[in-house]
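Enquirer: My questions all concern the structure below.
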Amino acid sequence: MPDTPNAGRAEVAECVRRSLHQILDVKGRKPAIPVPDSTVLIGAPDALLDSLGLVMFLAELERELQRRWGASVDLFGGAGLLDQDDGPETLRTLGDRILGLLNGERGAPAAPAGRDLE
Amino acid sequence: MNVEQLSCGIIADFTAQPLADLLRNDGVYPRIEAAPAPPGHVSQALMELRDGGWKHQPDLAVVWTRPEVIPCFRSLLDFEPVKSNLLLEQVDQFAGLLIDASAGVGCLFATTWSVPWYRRGLGLLSMHPEFGWAYNVARMNMRLAERVERTPNVYLLDSARWLSKVGAEANNPKLWYAGKIAFSLEVFREASAEIKAAVCGLAGLSRKLILLDLDDTLWGGIVGEDGWQNLRLGGHDPVGEAFLEFQRALKALTRTGVLIGIVSKNDQATALAAIDNHPEMVLRRDDFAGWRINWHDKAENIVDLVSELNLGLDAVVFIDDSPAERSRVRGALPEVAVPEWPSDKLLYARTLLEMTVFDRPAITEEDQTRTQTYAFDRQRRSSQLSSQSVTEWLAELGLVVEAARLDGSDVVRGAQLLNKTNQMNLRTRRLTQTELLEWSHQPGHAVFVFGVSDRFGDYGLTGLASLKGEGGCAQIADFLLSCRVMGRGVESAMLYFLIEQARSQGFRELMSEYKPTRRNSPCLAFFDSVSGFRREGDNFWWDTQARCVLPEHITLKRREVPLGSPQYDGTRCISAATSLVSE
Numbered sequence: 001m002p003d004t005p006n007a008g009r010a011e012v013a014e015c016v017r018r019s020l021h022q023i024l025d026v027k028g029r030k031p032a033i034p035v036p037d038s039t040v041l042i043g044a045p046d047a048l049l050d051s052l053g054l055v056m057f058l059a060e061l062e063r064e065l066q067r068r069w070g071a072s073v074d075l076f077g078g079a080g081l082l083d084q085d086d087g088p089e090t091l092r093t094l095g096d097r098i099l100g101l102l103n104g105e106r107g108a109p110a111a112p113a114g115r116d117l118e
Numbered sequence: 001m002n003v004e005q006l007s008c009g010i011i012a013d014f015t016a017q018p019l020a021d022l023l024r025n026d027g028v029y030p031r032i033e034a035a036p037a038p039p040g041h042v043s044q045a046l047m048e049l050r051d052g053g054w055k056h057q058p059d060l061a062v063v064w065t066r067p068e069v070i071p072c073f074r075s076l077l078d079f080e081p082v083k084s085n086l087l088l089e090q091v092d093q094f095a096g097l098l099i100d101a102s103a104g105v106g107c108l109f110a111t112t113w114s115v116p117w118y119r120r121g122l123g124l125l126s127m128h129p130e131f132g133w134a135y136n137v138a139r140m141n142m143r144l145a146e147r148v149e150r151t152p153n154v155y156l157l158d159s160a161r162w163l164s165k166v167g168a169e170a171n172n173p174k175l176w177y178a179g180k181i182a183f184s185l186e187v188f189r190e191a192s193a194e195i196k197a198a199v200c201g202l203a204g205l206s207r208k209l210i211l212l213d214l215d216d217t218l219w220g221g222i223v224g225e226d227g228w229q230n231l232r233l234g235g236h237d238p239v240g241e242a243f244l245e246f247q248r249a250l251k252a253l254t255r256t257g258v259l260i261g262i263v264s265k266n267d268q269a270t271a272l273a274a275i276d277n278h279p280e281m282v283l284r285r286d287d288f289a290g291w292r293i294n295w296h297d298k299a300e301n302i303v304d305l306v307s308e309l310n311l312g313l314d315a316v317v318f319i320d321d322s323p324a325e326r327s328r329v330r331g332a333l334p335e336v337a338v339p340e341w342p343s344d345k346l347l348y349a350r351t352l353l354e355m356t357v358f359d360r361p362a363i364t365e366e367d368q369t370r371t372q373t374y375a376f377d378r379q380r381r382s383s384q385l386s387s388q389s390v391t392e393w394l395a396e397l398g399l400v401v402e403a404a405r406l407d408g409s410d411v412v413r414g415a416q417l418l419n420k421t422n423q424m425n426l427r428t429r430r431l432t433q434t435e436l437l438e439w440s441h442q443p444g445h446a447v448f449v450f451g452v453s454d455r456f457g458d459y460g461l462t463g464l465a466s467l468k469g470e471g472g473c474a475q476i477a478d479f480l481l482s483c484r485v486m487g488r489g490v491e492s493a494m495l496y497f498l499i500e501q502a503r504s505q506g507f508r509e510l511m512s513e514y515k516p517t518r519r520n521s522p523c524l525a526f527f528d529s530v531s532g533f534r535r536e537g538d539n540f541w542w543d544t545q546a547r548c549v550l551p552e553h554i555t556l557k558r559r560e561v562p563l564g565s566p567q568y569d570g571t572r573c574i575s576a577a578t579s580l581v582s583e
């Protein structure tokens, strides 16, 4: 895992939102701005993304993270996001996963749980 | 093809939903309602398209496949021995499916095949005739192009360019394994932009005129201060070379039918001296359809020059290195396309070459000589000044109008006229080449084309009109004339010819229905000006037994076309020279 000491919640949240908006724009969907942290991305009937949208979103997000931190973050295999049996994934929980990956603690949030991604 | 309400079916051997989404939502004109067929069933989807078996038959189709769709190429990827002729036979079969399917849609875009950058083909072997992946993909593409060339509504799009522009990120294995998505979003964006540019080109919406600033746009430096001898153009100088390359790119565009003109704040004599005398100028005075070189407002100059050239503002691209001038023109003339222009002169040619607004489906003889006809026009205007009256001037022109039934050799130009003519256009019906030919094949339908020349030169094929017989009445289905020859009596000669045709076919009346658009009021003014027409609302009626007079200054000739249905000959974009029979 790369050394990314400056990866903070706010920056990760910005990356996630930017990638999400890219995909939703392509889909012709205009979500609320800013998208709330509690928004369910996948794993629930009212999730924002379908399976194809999720794949495109993860690819876009990987690129975004690479651009921002120069880090090759594996969101497909490493984060297990494609396995939707794990239950709903929100913007907040996804941010936590990414922080964990960037900071070398797979799956573990780098900031106290429950704080919003702002 | 109604560009405002286009539907598109996408057939691909991968998940093409992102392309469908972008065609609908990328914000680029026109919005296209697209839906992909289920991935993987390319042959079946093509056959269903041919048979009209889609739930909603689309206006156009996009067929985007990877080279693996050809089974022999799949074997080549495994370095299995493949017979060369079998590979080409399979390409022929695929081309046959495309051609058959194209009968079910207005037009069909197929992408060429590309090998992803990471498939190196063992480097040294990549261009090997037997094993080379790059070699065989090139052959397959050539073969495909040859096979579909004669089908007028099938167009190949160069997918390699999209991949090349996006670079290493064009292919993402994760997208493929997780979603069977063969390309990244950026490649789909490129494809969507290209498809839309092609649609606009087919619909006659491409831009026709580039208006250029001079100083630091066409050459480096300020001619009024530096003198033409000291301009940066050519020579052993990167900036001079870049300007030379930019001029070459402009010159090349003029050979495709795009006109160029000058709108510059300068002293006219000084600027023209540079154009005439600088040894490295690629563009000379006769390459420009017109110019306004003075100290007036550029927006006003554009309106003035465009009016002189009989074009609409929506045909214009304005290129200027000055952000202030660009902003002024953008604000004053929103119809004019004003591209953001790089401050780096070395990027000028690339910026021009990247533009999609000049896309067109064919280059006709008229396109290749269009700039020349405008040079002739300058001579005509100057002869008009020396004539005593317009009547005398028209008589001196020696106008000849040649009428003929549309045949295969004229269909490319005929469709181009249908789709590009706005002002002298009775009903502004837009048809593809195939649709035009099909319409002309219908019983009771006849399509005529009109060539015009005078003592200064040949305008080429500039008019088209069609008749549709119903009962005792012949209806004018199309009546259109290029703006280059409007107002010289050619439209009267065309009408004379149509009345004569209707009479000879036994029709008692000739009817025309004017369909107003934002641009075609000159056509209404013409029909209103013809005495002998009975007008009811937007309909005009003519008793074919009534006397109709051909303008005295025009000689009408008829080009004889062999009897039989017109056939498309895709190899001939240039009008045929056929025997002429004088009236």
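Heads up: the sequence lines are chains A and B, in that order.
In terms of our numbering, the first sequence has 71 at position 71, counting the first letter as 1, and numbering is strictly consecutive.
In terms of our numbering, the second sequence has 296 at position 296, counting the first letter as 1, and numbering is strictly consecutive.
Don't be surprised by glycine CBs; every beta carbon is placed ideally from N, CA and C.
Am I right that K420/B and G204/B are in contact with their C-beta atoms under 8 angstroms? What's the rounded C-beta distance?
Expert: As a position in the second sequence, residue 420/B is number 420, starting the count at 1. As a position in the second sequence, residue 204/B is number 204, starting the count at 1. Yes, K420/B and G204/B are in contact; Cβ-Cβ is about 4 angstroms, under 8 angstroms.
Enquirer: Between T217/B and S159/B, is the Cβ-Cβ spacing less than 8 angstroms?
Expert: To locate residue 217/B, count along the second sequence from 1; it is residue 217. To locate residue 159/B, count along the second sequence from 1; it is residue 159. Cβ distance not < 8 angstroms, so T217/B and S159/B don't count as in contact.
Enquirer: Quick one, which residues of the stretch 13-35 of chain B are near chain A if we go by CB-CB under 9 angstroms, in chain order?
Expert: Listed in sequence order: T15, Q17, P18, D21, L22, R24, N25, D26, G27.
Enquirer: With distances taken Cα to Cα, identify the nearest neighbour of G132/B among P81/B, L406/B, I275/B.
Expert: For this step, residue 132/B is matched to residue 132 along the second sequence. When each option's Cα is compared against that of G132/B, the closest is P81/B.
Enquirer: Starting from the beta carbon of D25/A, find every residue of chain B whose beta carbon is closer than 8 angstroms, and list them in chain order.
Expert: Within the first sequence, numbered from 1, the residue matching residue 25/A stands at position 25. Chain B residues near D25/A: N25.
Enquirer: Can the beta-carbon of G8/A be found less than 8 angstroms from the beta-carbon of K27/A?
Expert: Stepping through the first sequence from its first residue, residue 8/A is reached at position 8. Stepping through the first sequence from its first residue, residue 27/A is reached at position 27. No, these two residues do not count as a Cβ contact at 8 angstroms.
Enquirer: Establish whether the CB of V12/A and some CB of chain B are separated by less than 8 angstroms.
Expert: Reading the first sequence from its first residue, position 12 is the one you call residue 12/A. By this cut-off, V12/A is not an interface position.
Enquirer: Would you decide whether P613/B is buried or exposed? Buried here means 16 or more other CB atoms lie within 10 Å of its CB.
Expert: Nothing about residue 613/B can be reported from this structure: the residues present for chain B run from 1 to 583 only.
Enquirer: If you reduce the DSSP assignment to three classes, tell me which class G659/B lands in.
Expert: Nothing about residue 659/B can be read from this structure; chain B reaches only from 1 to 583.
Enquirer: Specify the secondary structure class of K603/B as computed by DSSP and reduced to three states.
Expert: Outside the shown range of chain B (1 to 583) lies residue 603/B, about which nothing can therefore be said.
Enquirer: Find the residues of chain B that neighbour V55/A, judging by a C-beta separation of less than 7 angstroms, and give them in chain order.
Expert: Within the first sequence, the letter at position 55 stands for residue 55/A. Those within 7 angstroms of V55/A in chain B are L175, A178, G179, I181.
Enquirer: I think L510/B touches T544/B, with their Cβ atoms under 8 angstroms apart; what is that distance to the nearest whole Å?
Expert: On the second sequence, residue 510/B is found 510 positions in, with the first residue counted as 1. On the second sequence, residue 544/B is found 544 positions in, with the first residue counted as 1. That belief holds up - the Cβ atoms of L510/B and T544/B are roughly 6 angstroms apart, short of 8 angstroms.
Enquirer: Can you name the residues that DSSP bridges to G167/B?
Expert: The residue labelled residue 167/B in the question sits at position 167 within the second sequence. Per DSSP, none; premise fails for G167/B.
Enquirer: Quick check on the DSSP output: the alpha helix (DSSP H) that includes M281/B runs from which residue to which?
Expert: Translated into the one-based positions of the second sequence, residue 281/B becomes position 281. Note, M281/B: premise wrong, no alpha helix (DSSP H); not H, not E.
Enquirer: For S38/A and L48/A, I'd like the C-alpha separation in whole angstroms.
Expert: Reading the first sequence from its first residue, position 38 is the one you call residue 38/A. Reading the first sequence from its first residue, position 48 is the one you call residue 48/A. Those two C-alpha atoms are separated by around 11 angstroms.
Enquirer: Looking only at C-alpha atoms, which of C523/B, I32/B, G506/B, M355/B sits nearest to A465/B?
Expert: Within the second sequence, the letter at position 465 stands for residue 465/B. Of the listed residues, the one whose Cα sits closest to A465/B is C523/B.
Enquirer: Using only CA atoms, which one of P38/B, A404/B, A34/B lies nearest to A446/B?
Expert: Locating residue 446/B in the second sequence gives position 446, where the first residue counts as 1. Looking at the Cα atoms, A404/B is the closest of the given residues.
Enquirer: In chain A, what lies closer than 9 angstroms to N172/B by C-beta?
Expert: Locating residue 172/B in the second sequence gives position 172, where the first residue counts as 1. Within chain A, the residues near N172/B are A59, E62, R63.
Enquirer: For the candidate residues F527/B, E438/B, R413/B, R429/B, whose alpha-carbon lies nearest to that of G460/B?
Expert: What you label residue 460/B is simply residue 460 of the second sequence in a count that begins at 1. Out of F527/B, E438/B, R413/B, R429/B, R413/B has the C-alpha closest to the C-alpha of G460/B.
Enquirer: Which word fits V390/B, buried or exposed, when buried means at least 16 other C-beta atoms lie within 10 angstroms of its C-beta?
Expert: Walking along the second sequence from the start, residue 390/B turns up at place 390. Exposed: under 16 other Cβ atoms inside 10 Å.
Enquirer: Going straight from the alpha carbon of R147/B to that of L124/B, what length do you get?
Expert: As a first step, residue 147/B is located in the second sequence; it is residue number 147 there, counting from the start. As a first step, residue 124/B is located in the second sequence; it is residue number 124 there, counting from the start. Looking at the two C-alpha atoms, the distance is approximately 30 angstroms.
Enquirer: According to DSSP, is S305/B part of a helix, a strand, or is it coil?
Expert: For the purposes of this step, residue 305/B is taken as the residue at position 305 of the second sequence. A small correction: the amino acid at residue 305/B is Leu; Ser does not occupy that position in the sequence shown. Helix at L305/B.
Enquirer: Hey, quick one: how far does the alpha helix (DSSP H) through M511/B stretch, first residue to last?
Expert: Within the second sequence, residue 511/B is the residue found at index 511, counting from 1. Looking at the DSSP string, M511/B is not in any alpha helix (DSSP H); the run it does join, the beta strand (DSSP E), is 509-513.
Enquirer: Give me whichever residues DSSP pairs with E470/B in a beta bridge.
Expert: Position 470 of the second sequence holds residue 470/B. Note: E470/B sits in a beta bridge opposite C473/B.
Enquirer: What are the start and end residues of the alpha helix (DSSP H) that includes P71/B?
Expert: Numbered from its first residue, the second sequence carries residue 71/B at position 71. Taken as a continuous stretch (DSSP letters only), the alpha helix (DSSP H) holding P71/B covers 71-77.
Enquirer: Using DSSP with H/G/I as helix, E/B as strand and the rest coil, what is D454/B?
Expert: Within the second sequence, numbered from 1, the residue matching residue 454/B stands at position 454. Note: D454/B maps to strand in three-state DSSP.
Enquirer: Taking C-alpha atoms, which residue in G121/B, S192/B, M140/B, N136/B lies nearest to V28/B?
Expert: Looking up residue 28/B in the second sequence gives position 28. V28/B has its Cα closest to that of S192/B, out of G121/B, S192/B, M140/B, N136/B.
Enquirer: Any heavy atom of the ligand ATP inside 7 angstroms of the beta-carbon of L46/B?
Expert: With respect to small molecules bound, the structure shown includes none, and the ligand ATP cannot be examined in it.
Enquirer: Who pairs with Y155/B in a beta bridge, going by DSSP?
Expert: The count along the second sequence starts at 1 and reaches residue 155/B at position 155. Answer is F109/B, bridged to Y155/B.
Enquirer: Determine the extent of the alpha helix (DSSP H) in which E536/B is found, giving its start and end residues.
Expert: As a working mapping, residue 536/B is identified with position 536 in the second sequence. Note, E536/B: premise wrong, no alpha helix (DSSP H); beta strand (DSSP E) at 534-536.
Enquirer: Whose C-beta lies closer than 7 angstroms to the C-beta of G469/B among residues of the same chain, with five residues either side of it excluded?
Expert: Locating residue 469/B in the second sequence gives position 469, counting from the first residue. So the list reads G444, Q505, F507, once near-sequence residues are dropped.
Enquirer: To the nearest angstrom, how far is it from the Cα of Q17/B to the Cα of Y155/B?
Expert: Along the second sequence, one-based indexing puts residue 17/B at 17. Along the second sequence, one-based indexing puts residue 155/B at 155. Taking the straight line from one Cα to the other gives about 21 angstroms.
Enquirer: In the DSSP assignment, what are the bridge partners of I10/B?
Expert: Sequence index remark: in the second sequence, residue 10/B carries index 10 (1-based). DSSP output for I10/B lists P36/B, V62/B as bridge partner(s).
Enquirer: Please state if the CB of V55/A and the CB of E62/A are separated by a distance shorter than 8 angstroms.
Expert: Residue 62/A sits at position 62 when you count from the first residue of the first sequence. Residue 55/A sits at position 55 when you count from the first residue of the first sequence. The answer is no: Cβ separation not under 8 angstroms.
Enquirer: What's the gap between the Cα of G257/B and the Cα of F526/B?
Expert: Looking up residue 257/B in the second sequence gives position 257. Looking up residue 526/B in the second sequence gives position 526. Cα to Cα, the separation comes out at about 27 angstroms.
Enquirer: Do W586/B and G9/B have their C-beta atoms closer together than 8 angstroms?
Expert: Coverage of chain B is limited to positions 1 through 583, which leaves residue 586/B absent and any answer about it impossible.
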